[in-house]
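Residue numbers (my numbering): 2 to 289.
Below: the structure, in structure tokens.
Following this line, the structure appears as structure tokens:
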């Protein structure tokens, strides 16, 4: 079966986990891992037989076989990388909060995005909570959504910690732009508990048309859609409706491909990114 070759920029935890997810894909073929130093991630990819480089973005831009590029660097780096990848005719899937291209949450708006060359995966908290915000909004018209995303300190690497401000701003905006809320707020909590806890996301919403049946059905439907590409995504607290206030809690258990299962925050954004790439590959390959 023909596959689309992909490259990954950034051989850290996210990039390494992405590599293992791409290896399992039916429509994507892992081709190159690139960074800027001879890191453990580079050595790991080389040990699996893939091309590697320490030339960063230039390496994937110069390789004509690569069609899709996952950028697992930082928001600042992706702003630089995006223009190079676009000029090289590559489709970028941005794992950072840079948001050069449109926000994409696969189960909510991927089908509406056409002819894009840079897809922004929002944040891990965005991938976990925007679907719930969308489900509540379509059922009850959300005037305000606030989310609290709690992740294990052990699953928050230097990239996550360096992008905390971008995380809150990007997630909050995505709750409006993609989730449909009129107003929004996002908070991230790094939990130092040992043993590490699973990623937990609490969504609070104030709605204009509180209808318990419609809200519950809408949330259950979206959870099933997310589970189609993130099997470890599940409701911890089904919708609780008190007047015009709705509360939902979801947790995410990682697949354990490279990272431990408690790193659901990294797993969900990677699973979502691969889901985007696979859908684009199906279209490119003309597969039904």
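We put the beta carbon where it would ideally sit given N, CA and C, even for glycine.
Opening and closing residue of the alpha helix (DSSP H) in which residue i lies
i: residue 285; result: 265–286
i: residue 51; result: Run containing residue 51: none; DSSP gives neither H nor E here.
i: residue 179; result: From DSSP, residue 179 is part of no alpha helix (DSSP H); its letter is neither H nor E.
i: residue 159; result: 159–163
i: residue 62; result: 58–62
Residue i (DSSP reduced to helix, strand or coil)
i: residue 222; result: helix
i: residue 40; result: coil
i: residue 230; result: coil
i: residue 23; result: helix
i: residue 204; result: strand
i: residue 187; result: strand
i: residue 198; result: coil
i: residue 3; result: coil
i: residue 260; result: coil
i: residue 1; result: Residue 1 lies beyond the stretch modelled for the chain, which goes from 2 to 289, so this question has no answer here.
i: residue 89; result: coil
i: residue 210; result: coil
i: residue 289; result: coil
Identified DSSP bridge partners for residue i
i: residue 192; result: 153
i: residue 95; result: 72 and 121
i: residue 8; result: 33 and 70
Segment limits, beta strand (DSSP E) that includes residue i
i: residue 33; result: 29–35
i: residue 239; result: 234–243
i: residue 252; result: 246–253
Check: residue i C-beta below 8 Å from any heavy atom of the ligand SAM
i: residue 154; result: This structure does not include the ligand SAM; it has no bound ligands of any sort.
C-beta neighbour in chain B for residue i, strict 9 Å
i: residue 158; result: Any reference to chain B falls outside this structure, which holds one protein chain only.
If you pair each beta-carbon of the region 125–145 with each one of the region 100–117, do three or more pairs fall below 8 Å? By the C-beta criterion, the region 125–145 is judged to be in contact with the region 100–117, since at least 3 inter-stretch pairs fall below 8 Å.
* Asked: For the 8 Å Cβ check, are there 3 or more pairs between the region 166–185 and the region 225–238?
  -> With the cut-off at 8 Å, the region 166–185 and the region 225–238 do not touch.
Any chance you could list the beta strand (DSSP E) runs of at least 3 consecutive residues sitting entirely within the region 101–147, in chain order?
-> Inside the region 101–147, DSSP marks whole beta strand (DSSP E) runs of 3 or more residues at positions 119–121, from first to last along the chain.
| Between the region 61–75 and the region 241–253, are three or more C-beta pairs nearer than 8 Å? | With a cut-off of 8 Å, the region 241–253 and the region 61–75 do not count as touching, because too few Cβ pairs lie within range.
How about the region 86–105 and the region 202–212: do they share at least three Cβ pairs that are nearer than 8 Å? Contact between the region 86–105 and the region 202–212 is absent: fewer than three C-beta pairs spanning the two stretches fall below 8 Å.
Indicate whether the contact test is met: 3 or more Cβ pairs, each with one atom in the region 191–201 and one in the region 114–123, closer than 8 Å. Counting Cβ pairs under 8 Å, fewer than three are found: no touch.
So, does the region 16–29 touch the region 173–187, judging by three or more C-beta pairs under 8 Å?
Output reads no: the region 173–187 does not touch the region 16–29.
Assess, as a yes-or-no matter, whether the region 3–13 is touched by the region 247–258 under the definition of 3 or more beta carbon pairs within less than 8 Å.
The region 247–258 makes no contact with the region 3–13; the number of CB pairs closer than 8 Å stays below 3.
With a threshold of 8 Å, are at least 3 pairs of Cβ atoms found where one atom belongs to the region 137–147 and the other to the region 211–220?
Output reads yes: the region 211–220 touches the region 137–147.
request  = Mind the definition here: the region 66–80 touches the region 158–167 only if three or more C-beta pairs lie below 8 Å; say whether that holds.
outcome  = Inter-segment contact for the region 66–80 and the region 158–167 is present: three or more beta-carbon pairs are separated by less than 8 Å.
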